[in-house]
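Encoded as structure tokens, the structure appears first; notes follow it.
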Amino acid sequence: GESVGLHLPTLSVQEGDNSIINCAYSNSASDYFIWYKQESGKGPQFIIDIRSNMDKRQGQRVTVLLNKTVKHLSLQIAATQPGDSAVYFCAESGYGGSQGNLIFGKGTKLSVKP
Amino acid sequence: KAGVTQTPRYLIKTRGQQVTLSCSPISGHRSVSWYQQTPGQGLQFLFEYFSETQRNKGNFPGRFSGRQFSNSRSEMNVSTLELGDSALYLCASSEWDFYEQYFGPGTRLTVT
């Protein structure tokens with residue numbers, strides 16, 4: 007498969023545990039944030055997004071938390087499964103998702119032990 | 071619906087050559103974005119096209135260019151290839167903008 011990154015921060019969790027992946031974003035003016043999941047050999051897959059007027063948003067088994075004070079974003083995955091093993095990227099946009107650049111973080115590799 | 075497709079999947083070129091990569095977005099999607107992914111720099115935004123117009127551009131040299139056709143298919147071109155252009159080039163499409171972008175599998179370009 008494709009190697010998406012070397013020397014990435016790695017989070018190793020036991021199957022069934024909850025996972026928390028963190029991301030520090032760079033631009034205090036960013037107002038739209040997205041989490042992507044990238045499996046080996048595939049392109050990134052949209053997981054969940056959040057706008058800056060929110061501090062929490064929940065999806066299926068995933069929750070994104072946004073702390074604008076410290077420019078911090080986190081992704082929580084409940085009951086982590088082996089299929090969740092992948093590299094996770096956060097991305098920010100300064101224009102609410104419309105136009106402008108999407109800036110991606112370096113990624114975190116999640117490894118789920120059965 | 072079929073997903074985003076990219077051709078070719080793998081490509082080997084020599085320094086100084088040029089290359090054209092192709093992307094077919096999801097049917098109905100009018101926005102197509104291109105990204106470069108490398109181990110060192112991660113995912114970096116190249117440019118975005120919407121209705122045949124380049125709407126946004128990242129910080130890449132002019133050797134990197136693109137275009138979009140009336141059917142929303144897009145191509146990107148890299149001229150005068152350098153070793154540092156070796157990367158996975160990803161295309162993503164969405165209906166309007168960055169919301170819920172869907173990525174293709176990428177084209178792995180190796181420059182020797």
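Chains as they are written, first to last, in my numbering: chain A, 7 to 120; chain B, 71 to 182.
Glycine included, each C-beta is placed from N, C-alpha and C at the ideal position.
Counting only runs that start and end inside the stretch 38 to 77 of chain A, the beta strand (DSSP E) elements of at least 3 residues fall at 38 to 44, 51 to 57, 62 to 64, 68 to 73.
Annotation: the stretch 107 to 148 of chain B contains the following complete segments of the beta strand (DSSP E) (minimum length 3 residues), in chain order: 112 to 120, 123 to 127, 134 to 138, 144 to 148.
In this structure, the beta-carbon distance from T86 (chain A) to E21 (chain A) falls below 8 Å. Between Q76 (chain B) and G174 (chain B), the gap from beta carbon to beta carbon is short of 8 Å.
Judged by pairs of C-beta atoms under 8 Å, the stretch 84 to 99 of chain B does not touch the stretch 107 to 125 of chain B, as fewer than three such pairs exist.
Looking only at A:V118, A:N107, A:L72, the smallest Cα-Cα distance to R125 (chain B) is reached by A:N107. Contact between Y38 (chain A) and R57 (chain A) holds: CB atoms are separated by about 6 Å, below the 8 Å threshold.
The beta-carbon separation of T150 (chain B) and R178 (chain B), rounded to 20 Å, does not stay under the 8 Å limit for a contact.
A residue is called buried once 16 or more other Cβ atoms fall within 10 Å of its Cβ, and S164 (chain B) is buried on that count.
In this structure, the straight-line span from the alpha carbon of C96 (chain A) to that of N141 (chain B) is close to 30 Å.
In the structure shown, L153 (chain B) adopts helical secondary structure according to DSSP, grouped into three states. For R178 (chain B), the uninterrupted beta strand (DSSP E) segment begins and ends at 177 to 181.
At a cut-off of 8 Å, the C-beta of L108 (chain A) has a neighbouring C-beta in chain B.
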